[in-house]
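Under the working numbering, the very last position in the sequence shown is 317; numbers go up by exactly one each time. What follows is a set of notes on a single structure, which appears directly below.
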Amino acid sequence: MNMSEEPRPLASKIKITTNPETPGTSHKHIGFYRHYSSFVFKSLNKPTFQRFLQWMLKKENIQERKVTEVHVKVFPLRRGKGKGLAGNCNPACGKIRIYPKTMTFCQAFKQKFGKNTFLAYAASRARAALIHELLHLKYATDEKRVRKLSREYFFAFARRALYRDRLSFLSYTMIFMVRQAKPFNHYNTNVASALSIKL
Ligand SMILES: [Zn+2]
119 MNMSEEPRPL ASKIKITTNP ETPGTSHKHI GFYRHYSSFV FKSLNKPTFQ RFLQWMLKKE
179 NIQERKVTEV HVKVFPLRRG KGKGLAGNCN PACGKIRIYP KTMTFCQAFK QKFGKNTFLA
239 YAASRARAAL IHELLHLKYA TDEKRVRKLS REYFFAFARR ALYRDRLSFL SYTMIFMVRQ
299 AKPFNHYNTN VASALSIKL
C-alpha cells in the first residue's frame, strides 16, 4: 500500500482556524503565527504520527469517531501572565484545540537554541498537546492520569522515531558497506564504517 493511500481518518479532522487575535498584533506577528500554524498542521498530519495516534486510540479503546474536530489555532490563547495553554478539549462534543506559544517566547527560544531545535520543539509540543487532549476524551477531568499517560505515550512516540532513524542509518551504512566491500577489504571494520559515516 502506498503511504499516501493509507487511511488516516484523524488527519481529515485537523484544520487550521483563526481565533480572535490580540489587539495590536502587527502584520509581522500575523505572518509569524500563520507560518507556525501551518507547520504544526503538517507535523500533526505526518503519517508516522497519525499511525502512532491510531495505535494509541486503539490501545486506549477510544473510538476515533469521538473526535469531531481538531482545530490548530493560529493565535495563542490569552491567559494573562500565566503559562500559555497548549491545548484544550471538550469531551462532550469531541472538539480539540491546539494553541501556539507566543511569538516573544519563540523568538527567545530560537535565539538560544537555534531554528532547528525550535522547530523540533514546536512540533513536539503540538503532538504532546494532541496526545494529552485525546486522552481527555476517555479520562475526562482526571488530569493527573491524563498527564501521566501523556508523558508515557509521548515518550513511546519519541522512542519509536529514534529507533526508526537509527534503523535507517544502520541500513544506509550496511548498503554502503556492501557496495564498497571490495575496496575496503584491506581495512578493518572500524575504518570502513568511519569512512561510510562521512557520506
Ligand atoms: Zn489536561
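No residue lacks a Cβ here, since even glycine has one placed at the ideal position from N, Cα and C.
Cutting at 6 Å between CB atoms, please list the residues of its own chain near residue i, excluding the five before and the five after it.
{"i": "G212", "result": "K184, V185, T186"}
{"i": "Y151", "result": "V192, F193"}
{"i": "I214", "result": "V188, C207, E251"}
{"i": "L195", "result": "L203, Y217"}
{"i": "M174", "result": "Y271"}
{"i": "M221", "result": "H147, F150"}
Beta-carbon within less than 7 Å of residue i's beta-carbon, same chain only, minus the 5 sequence neighbours each way: which residues are those?
{"i": "R126", "result": "P165, Q168"}
{"i": "I134", "result": "S155, S156, F159, V190, V192"}
{"i": "P209", "result": "H254, L255, A258"}
Using the C-alpha atoms, what's the distance from residue j back to residue i?
{"i": "G149", "j": "A247", "result": "23 Å"}
{"i": "A129", "j": "S144", "result": "31 Å"}
{"i": "S268", "j": "L253", "result": "7 Å"}
{"i": "E261", "j": "E178", "result": "16 Å"}
{"i": "Q181", "j": "R278", "result": "23 Å"}
{"i": "F236", "j": "R263", "result": "28 Å"}
{"i": "F231", "j": "E270", "result": "25 Å"}
{"i": "Q172", "j": "F223", "result": "32 Å"}
{"i": "N234", "j": "P138", "result": "29 Å"}
{"i": "Y305", "j": "K176", "result": "With a pLDDT of 38 at Y305, under the threshold of 50, the modelled position of that residue is not reliable, and no figure is offered here."}
Assuming residue i contacts residue j under a Cβ cut-off of 8 Å, what Cβ separation, rounded to an integer in Å, is found between them?
{"i": "G202", "j": "E251", "result": "Contact doesn't hold; Cβ gap of about 15 Å is too wide."}
{"i": "K266", "j": "V188", "result": "That pair is no contact at about 22 Å."}
{"i": "Y239", "j": "F227", "result": "7 Å"}
What residues match up with residue i in a beta bridge as DSSP calls it?
{"i": "V188", "result": "I132, I214"}
{"i": "T207", "result": "Before going on, a small fix: residue 207 reads as Cys here, not Thr. I214, per the DSSP bridge assignment."}
So, for residue i: in the same chain, excluding its five sequence neighbours on each side, which residues have a beta-carbon less than 8 Å away from its beta-carbon?
{"i": "F275", "result": "F167, F170, R245, I249"}
{"i": "F272", "result": "S242, R245, A246, I249"}
{"i": "T136", "result": "K191, V192, F193"}
{"i": "S161", "result": "F167, A240, A241, A244, R245"}
{"i": "N163", "result": "R126, A129, I132"}
For a test of your reading of the model: does the CB of residue i fall under 7 Å from any non-hydrogen atom of ligand 1? Yes or no.
{"i": "F153", "result": "Inspection of the sequence shows that residue 153 is occupied by His rather than by Phe. Not under cutoff, so the answer is no."}
{"i": "E261", "result": "yes"}
{"i": "V264", "result": "yes"}
{"i": "H147", "result": "no"}
{"i": "G254", "result": "The identity of residue 254 in the sequence shown is His, whereas the question assumes Gly. Indeed, a heavy atom of ligand 1 lies less than 7 Å from the Cβ."}
{"i": "H250", "result": "yes"}
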